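Encoded as structure tokens, the structure appears first; notes follow it.
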Amino acid sequence: MKKISPASPPETVILAELIAAEPAFVSGSALAKKLGISRVAIWQYMEKLREQGFTFEAVRARGYRLTARPDGLSAALVQAYRRDRAGDFPLQLIPEIDSTNDEAARQLAAGKAAPFAVIAQRQTKGRGRFGRVWHSESNGNLYASFAFRPQLKPDRMQMFTLWMGANVCELIASFCRTSPGLKWPNDLLFDGRKAGGMLTEARMDADQIRDLVFGLGLNVNSPAGGWPADLADRAVSLAEHTKHPIDLNKFTAALIGRVLQAYDRFVDGSYAKTFADLWNRYDVLRNRPVAVLTAAQRVAGTAVGIDDEGCFVIRTDKGRTERFRAGEVTLEKPAR
Ligand code: BTN
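Next comes the structure, spelled out in structure tokens:
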């Protein structure tokens, strides 16, 4: 049997054991012994899993095996796939919410212990940068917000999203065996079409971040041709790009692990050793002709990269170096 953290709740342990053994059976007495509970208690926990859409085959003298999983996202499956971790991660899965970022912020404001995550199957007021609408149908895509209380200086916020974006790219590259590009500051792209976006929002005290919500919208499994007309040429999903459906539960389990690890490395400062290399690996703008639009101006030039604070750096057509903390970048056609 696989080693599973004893801190995990019984349902997670049972499910993880059954998944690890698939397609073989797992004996009820082995599960009971592992968890230090009776076989009747095992049966009761399996009833709870049945209520969540799992089905099992039970055969006398052989035990149980998993015969079907629920469709779509399942908190139990996500936790079971995270079985190597110490205990379940506080994850709330909601069928519908206004915005997972707003819900996470409300829960932080109500005093909920961080870290935790809120994931919705559908958002009615999904938001992007500049208050833009984030299309959030129930279509196999991911709408996730992670809540933290980091005790960092407010000026580190800018870098946080960039670091998280690079980590999400790494995860996608290893999980889907295809590399997305990063467009400063928060877009994940495949061939110029948007596959995901990040929205980090924080509440500040005088000189410290009080709490922070990292929101990720990722087009995972939405079908080609399923977008509204205004997004049809601009959006793409991982499944559409790779031509394979993505196991959203496994992906979400891996995402939680990656986000938590990236967060720790950000807070302890060790991220700085690898950040530039990671960013450069995925940056789609570097050395390309771009224009940056801010509230005050539009500046054209060649993208140089980003500086230590996460500002976007360009060399203008007049040879000046300019940095931007905020703004909208567009790729320009190279002059002929
Ligand atoms: C952007 O590209 O402008 C950022 C998009 C961020 C969307 C995600 S979906 C989950 C979370 N909840 C929201 O309302 N927004 C973020």
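Taking the numbering used here as reference, the numbering of the sequence shown is continuous, increasing by one, and the terminal residue is 340. Just so it is clear, CB atoms sit at the ideal spot from N, CA and C, and this is done for glycine as well. Every value quoted in this text rests on a predicted model; they were computed, and no experiment measured them.
- At a cut-off of 4 residues, the continuous stretches assigned as alpha helix (DSSP H) that sit fully inside the region 279–338 are 279–286.
- A distance criterion of 7 angstroms places the beta-carbon of W231 beyond contact range of ligand 1, judged by its closest non-hydrogen atom.
- With contacts defined as CB atoms closer than 8 angstroms, L222 and N145 qualify as a contacting pair.
- Between ligand 1 and Y147, a heavy atom-to-CB distance of less than 7 angstroms is present.
- C-alpha of A84 to C-alpha of A25: approximately 13 angstroms in a straight line.
- The residue from D251, R290, D195, M208 with its alpha-carbon nearest to that of G305 is R290.
- By the C-beta density criterion, P154 is buried, having at least 16 other C-beta atoms within 10 angstroms.
- Along the length of the region 33–78, whole beta strand (DSSP E) runs at least 3 residues long occupy 59–63, 67–72, reported in chain order.
- Here E100 carries a coil assignment [DSSP, helix/strand/coil].
- Secondary structure of V263 (DSSP, three-state): helix.
- Distance between G57 and A280, taken at the CA atoms: about 44 angstroms.
- Apart from the 5 residues on each side of it in sequence, E100 sits with its Cβ closer than 6 angstroms to the Cβ of R126 in its chain, given in chain order.
- Per the C-alpha coordinates, the member of A80, W167, G76, A206 positioned closest to Y49 is A80.
- Across the set T320, T298, F328, A300, the C-alpha of F328 shows the shortest separation from the C-alpha of D311.
- A direct Cα-Cα distance of roughly 23 angstroms separates V44 from D92.
- DSSP places A206 inside the beta strand (DSSP E), whose first and last residues are 197–208.
- In the three-state reduction of the DSSP assignment, K129 falls in the coil class, being assigned neither a helical nor a strand state.
- In the displayed model, L156 falls within coil according to three-state DSSP, outside both helix and strand.
- The secondary-structure analysis by DSSP pairs I123 across a beta bridge with L97, A148.
- The DSSP-derived three-state label of F29 is coil.
- Residue range 213–222 is occupied by the beta strand (DSSP E) that includes G219, with no alpha helix (DSSP H) assigned at that position.
- For Q83, the CB stays at least 7 angstroms from every heavy atom of ligand 1.
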